[in-house]
Amino acid sequence: MQALVNGVLILVQGMFASIAIVGKLVFPVLPPAGLVVFRVVGAAAVLTIVTTLTGRSRIESLKDWLLLILLGVLGVSANQSLFLAGLERTTAINASLLVTTVPVFTVLFSVLGRQEKASPAKVAGIGLAGAGVIYLIGPDRVSMAPDLALGNGLVVAAMMCYSGFLVLSKPLLKRYGTLTVVTWAMTFGILGTLPLGIPVLRGVGWGAVPASTWAWVVYIVLIPTLGAFSLNAWALRRSSSHLVAAFIYLQPLITASIAPAVLAGERITPRTLVAALAIFTGLGLVIIAEARRSIRSPIEIPGAG
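With the sequence shown counted from 1, adding 104 to any position gets you the numbering used here.
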């Protein structure tokens with residue numbers, strides 16, 4: 105089971121990483137805030153249809169309803185809106201580096217909430233993989249100019265929201281299953297995306313949107329949104345939030361590896377290979393620590409999902 109979870113998490117990071125390239129093809133026609141609306145509303149609509157046909161678990165208490173609303177705000181609307189707002193005010197390099205703070209915040213929140221313990225092996229693995237990402241991006245290329253401070257802060261806030269989503273969603277995933285939690289989180293996420301996206305969408309010249317753009321929008325809704333969120337939640341239900349978060353370090357590496365094949369002027373360098381070694385070694389430490397934890401206290405998975 106652990107090997108399957110690891111494989112799913114690698115696939116998820118590939119899905120998430122693809123939006124960095126595909127988004128560049130859409131943004132000239134459909135601005136980021138408008139794309140978020142299509143991502144969230146489209147994914148929520150598909151999930152609602154699926155759960156209507158297959159059934160979903162009944163939410164048992166008002167506390168769980170409030171937690172689902174919070175998950176929608178943190179993991180969907182706040183995370184995506186803050187990230188895009190920050191990206192507009194900072195550099196892509198800064199944003200790529202700051203995304204890798206997710207594992208750090210996830211470990212911190214889970215430990216403070218007494219949900220999971222951070223073993224020395226996990227801390228060392230997360231630290232080593234993080235160092236590999238920093239080396240890959242190049243700290244010498246990170247701009248710390250005062251006018252970028254707000255953008256950097258917004259990206260960090262987005263990563264804190266996503267980390268909170270990972271930690272808070274785990275108990276609900278165990279009780280209700282992947283499909284139910286992801287459906288409601290995506291649905292409640294609409295509440296925070298519409299106020300920002302609708303004004304932007306009013307300014308779009310819909311008659312001039314080419315068919316290729318719509319095809320990429322469908323891809324973004326189905327693959328790096330619906331597919332990635334659902335598979336990530338599936339893996340989170342069967343492993344620790346530390347492990348799920350640690351795989352985020354693969355995103356910059358995947359992008360750096362794929363870019364030379366699709367973007368002119370990009371190439372794989374020795375720096376990429378050294379960073380890959382550090383990232384995979386760090387992930388290996390986290391995976392080994394997770395396997396040992398599972399042996400000591402096997403995870404019980406009630407029901408299907």
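All C-beta atoms in this analysis are idealised placements derived from N, C-alpha and C, irrespective of residue type, glycine included.
> Just how far apart, CA to CA, sit residue 206 and residue 190?
Replying inline: Here residue 206 corresponds to residue number 102 of the sequence shown, with the count starting at 1. Here residue 190 corresponds to residue number 86 of the sequence shown, with the count starting at 1. Pairing residue 206 with residue 190, the inter-Cα distance amounts to about 16 Å.
> Going by C-alpha distance, which of 314, 348, 288, 320 is nearest residue 393?
Replying inline: Indexing the sequence shown from 1 puts residue 393 at position 289. For the residues 314, 348, 288, 320, the minimum Cα distance to residue 393 belongs to 348.
>> In the DSSP assignment, the alpha helix (DSSP H) including residue 174 goes from what residue to what residue?
In response: Numbered from 1 along the sequence shown, position 70 holds the residue referred to as residue 174. Note, residue 174: alpha helix (DSSP H), 166–175.
> Which of the three DSSP states, helix, strand or coil, is assigned to residue 205?
Replying inline: Against the sequence shown, residue 205 aligns to sequence position 101. Secondary structure at residue 205: coil, using DSSP grouped into helix, strand and coil.
> Out of curiosity, what's the CA-to-CA distance linking residue 118 and residue 355?
Replying inline: Position 14 of the sequence shown, counted from the start, is the residue given in the question as residue 118. Position 251 of the sequence shown, counted from the start, is the residue given in the question as residue 355. Each residue's Cα considered, the two are about 7 Å apart.
>> Since residue 137 and residue 259 should fall inside the 8 Å C-beta cutoff, what is the C-beta to C-beta distance between them, to a whole number of angstroms?
In response: Here residue 137 refers to the residue found at position 33 of the sequence shown. Here residue 259 refers to the residue found at position 155 of the sequence shown. Their Cβ separation, rounded to whole angstroms, is 16 Å, which puts residue 137 and residue 259 out of contact at 8 Å.
> Going by other Cβ atoms of all chains shown within 10 Å of its Cβ, with 16 needed for buried, is residue 120 buried or exposed?
Replying inline: Here residue 120 corresponds to residue number 16 of the sequence shown, with the count starting at 1. It is buried - the Cβ of residue 120 has at least 16 other Cβ atoms within 10 Å.
> Thinking C-beta only, is residue 297 closer than 8 Å to residue 134?
Replying inline: Start at 1 with the first residue of the sequence shown, and residue 134 comes out as number 30. Start at 1 with the first residue of the sequence shown, and residue 297 comes out as number 193. Against a cut-off of 8 Å, the Cβ pair of residue 297 and residue 134 comes out as no contact.
>> So within the segment 284–364, which uninterrupted beta strand (DSSP E) runs reach at least 3 residues, ignoring any that extend past its ends?
In response: Under the rule that a run must span 3 or more residues, no beta strand (DSSP E) segment is found entirely inside the segment 284–364.
> Are residue 322 and residue 130 close, meaning C-beta to C-beta below 8 Å?
Replying inline: For this step, residue 322 is matched to residue 218 along the sequence shown. For this step, residue 130 is matched to residue 26 along the sequence shown. Result no, Cβ atoms of residue 322 and residue 130 do not sit closer than 8 Å.
> With burial defined as no fewer than 16 other Cβ atoms inside 10 Å of the residue's Cβ, what is the status of residue 153: buried or exposed?
Replying inline: For the purposes of this step, residue 153 is taken as residue 49 along the sequence shown, with counting starting at 1. Around the Cβ of residue 153, a 10 Å sphere holds fewer than 16 other Cβ atoms; the residue is exposed.
> Run through DSSP, which three-state label would residue 394 get?
Replying inline: Taking the first residue of the sequence shown as position 1, residue 394 is located at position 290. Helix, per DSSP.
> Exposed or buried, what is residue 263 when buried is set at 16 or more other beta-carbons lying within 10 Å of its beta-carbon?
Replying inline: Residue mapping note: residue 263 aligns to position 159 of the sequence shown, counting from 1. Looking at its Cβ environment, which holds 16 or more other Cβ atoms inside 10 Å, residue 263 is buried.
> Cα separation between residue 282 and residue 338?
Replying inline: Numbered from 1 along the sequence shown, position 178 holds the residue referred to as residue 282. Numbered from 1 along the sequence shown, position 234 holds the residue referred to as residue 338. Separation of residue 282 and residue 338 (C-alpha to C-alpha, rounded to the nearest whole angstrom) is 6 Å.
> By a C-beta neighbour count over all protein chains shown, 10 Å radius and 16 as the cutoff for buried, is residue 105 buried or exposed?
Replying inline: Within the sequence shown, the letter at position 1 stands for residue 105. In the assembly as shown, residue 105 is an exposed residue. Its beta-carbon has fewer than 16 other beta-carbons within 10 Å.
> Using the C-alpha atoms, what's the distance from residue 194 back to residue 176?
Replying inline: Residue numbering aside, residue 176 sits at position 72 when the sequence shown is read from its first letter. Residue numbering aside, residue 194 sits at position 90 when the sequence shown is read from its first letter. Roughly 25 Å between the two C-alpha positions.
> Can you list, in chain order, the residues of its chain whose CB lies under 6 Å from that of residue 211, leaving out five sequence neighbours each side?
Replying inline: For the purposes of this step, residue 211 is taken as the residue at position 107 of the sequence shown. These residues qualify, in order along the chain: 222, 346.
>> Which residue wins for smallest C-alpha separation from residue 362, given the options 126, 383, 108, 325?
In response: Numbered from its first residue, the sequence shown carries residue 362 at position 258. With distances taken between Cα atoms, residue 362 lies closest to 126.
>> Measuring straight from C-alpha to C-alpha, what distance separates residue 224 and residue 335?
In response: Working through the sequence shown from its first residue, we reach residue 224 at position 120. Working through the sequence shown from its first residue, we reach residue 335 at position 231. In this model, residue 224 and residue 335 are separated by some 28 Å (Cα to Cα).
>> I'd like the span of the alpha helix (DSSP H) that includes residue 220, first residue to last.
In response: As a working mapping, residue 220 is identified with position 116 in the sequence shown. Segment: none, residue 220 is in no alpha helix (DSSP H) and carries neither H nor E.
> Can you give the Cα-Cα distance for residue 237 and residue 183, rounded to whole angstroms?
Replying inline: For the purposes of this step, residue 237 is identified with residue 133 of the sequence shown, where counting begins at 1. For the purposes of this step, residue 183 is identified with residue 79 of the sequence shown, where counting begins at 1. So the alpha carbons of these two residues sit roughly 21 Å apart.
>> Here's the rule: buried if 16 or more other CB atoms are within 10 angstroms of the residue's CB, otherwise exposed. What is residue 103?
In response: Residue 103 is absent from the model: the chain starts at 105 and stops at 409.
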